[in-house]
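Residue numbers (our numbering): 92 to 304.
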């Protein structure tokens with residue numbers, strides 16, 4: 092069963108950082124052409140703040156900014172904590188890049204999850220790959236200080252950290268409205284928010300239990 096409270100589109104995402112919101116909105120509107128100059132996006136911040144869930148939605152937003160259409164094929168997701176060697180990972184990615192993209196922009200999208208798990212030499216190899224034509228790379232990390240300096244220089248570094256209570260309230264009420272559900276009482280809403288620690292990951296199961304979905 093689909094989780095109706097899981098973010099599905101760019102408009103569902105709420106960011107604690109005004110700078111993060113500004114950069115992504117500029118990419119969305121075309122005010123900041125991407126990929127151009129910068130070759131990737133790094134989503135960094137504390138645990139449970141939605142970096143991994145946001146990455147494919149951001150890829151779709153980039154595609155729409157470049158072509159006017161949604162992604163025709165899902166991004167290729169690489170779990171950097173996995174056992175595959177970086178050479179094997181990048182060879183597979185390069186094979187995909189050389190195939191004509193199904194996306195109208197001709198771009199290929201790659202998500203490197205927990206990219207800080209890669210060794211320094213592996214990160215340098217990734218840095219070279221992400222500069223190839225028709226490649227969009229979105230990376231997630233809890234430890235941006237562990238990333239290669241050259242890799243970071245080639246990316247927009249966007250902070251994804253816990254929401255304030257006001258931001259969480261806005262997000263919960265919007266999601267409830269989008270799904271045509273009866274809003275919780277003020278007391279119920281305060282209880283949901285108080286126990287969330289600014290993390291949408293913690294709020295979602297409580298909302299599902301509250302609404303029985």
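Cβ coordinates follow ideal geometry from the N, Cα and C atoms, glycine included. Quick caveat: nothing in here was measured; it's all calculated off a predicted structure.
Please list, in chain order, all residues of the same chain as residue i whose beta carbon is under 8 Å from its beta carbon, the five residues on each side excluded.
i	result
residue 300	none
residue 255	107 and 289
residue 279	301
residue 207	171, 232, 233, 234, 235, 237 and 238
residue 127	none
residue 137	233, 252 and 253
residue 261	105
residue 240	none
On the DSSP bridge assignment, give the partners of residue i in chain order.
i	result
residue 226	199
residue 250	135
residue 268	Bridge partners of residue 268: none, in fact.
residue 170	204
residue 216	Residue 216 pairs with nothing; no bridge assigned.
residue 287	The partner list for residue 287 (beta bridge, DSSP) is empty, contrary to what the question assumes.
residue 129	127
residue 90	Absent from the model: residue 90. The displayed extent of the chain is 92 to 304, so no value can be given.
I'd like to check one pair, residue j with residue i: are the Cβ atoms closer than 8 Å?
i	j	result
residue 141	residue 266	no
residue 225	residue 242	no
residue 222	residue 245	yes
Ignore the nearest five residues each way along the sequence and tell me which others in residue i's own chain have a CB closer than 6 Å to its CB.
i	result
residue 113	none
residue 230	133, 203 and 206
residue 274	267
residue 143	204 and 231
residue 164	193
residue 123	117
Would you grab the beta carbon distance between residue i and residue j for me? Rounded to a whole angstrom, and I think it's under 8 Å.
i	j	result
residue 153	residue 118	6 Å
residue 247	residue 177	Going by Cβ atoms, the distance from residue 247 to residue 177 rounds to 23 Å, so no, they are not a contact pair.
residue 104	residue 158	Wrong, their Cβ atoms sit about 20 Å apart, outside the cutoff.
residue 216	residue 181	6 Å
residue 188	residue 148	Not really, about 22 Å apart at Cβ, beyond 8 Å.
residue 135	residue 281	That pair is no contact at about 30 Å.
Skipping 5 residues on each side, what residues in its chain have a beta carbon closer than 7 Å to that of residue i?
i	result
residue 287	259, 293 and 294
residue 92	Here residue 92 scores only 45 on pLDDT, less than 50, and its place in the model should not be relied on; the value that follows carries that caveat. Once the five neighbours on either side are set aside, residue 92 has no close Cβ partner at all.
residue 184	167, 201 and 220
residue 272	302
Residue i: buried (16+ other C-beta within 10 angstroms of its C-beta) or exposed?
i	result
residue 218	buried
residue 160	exposed
residue 194	buried
residue 96	buried
residue 296	exposed
residue 304	exposed
residue 156	buried
residue 151	buried
residue 36	There is simply no residue 36 to check, as the chain begins at 92 and stops at 304 in what is shown.
residue 36	Nothing in the structure corresponds to residue 36, since the chain is present only between 92 and 304.
residue 264	exposed
residue 212	exposed
residue 109	exposed
Compare the C-beta of residue i against all C-beta atoms of chain D and say whether one is closer than 8 Å.
i	result
residue 220	The structure shown contains no chain D; it is built from a single protein chain.
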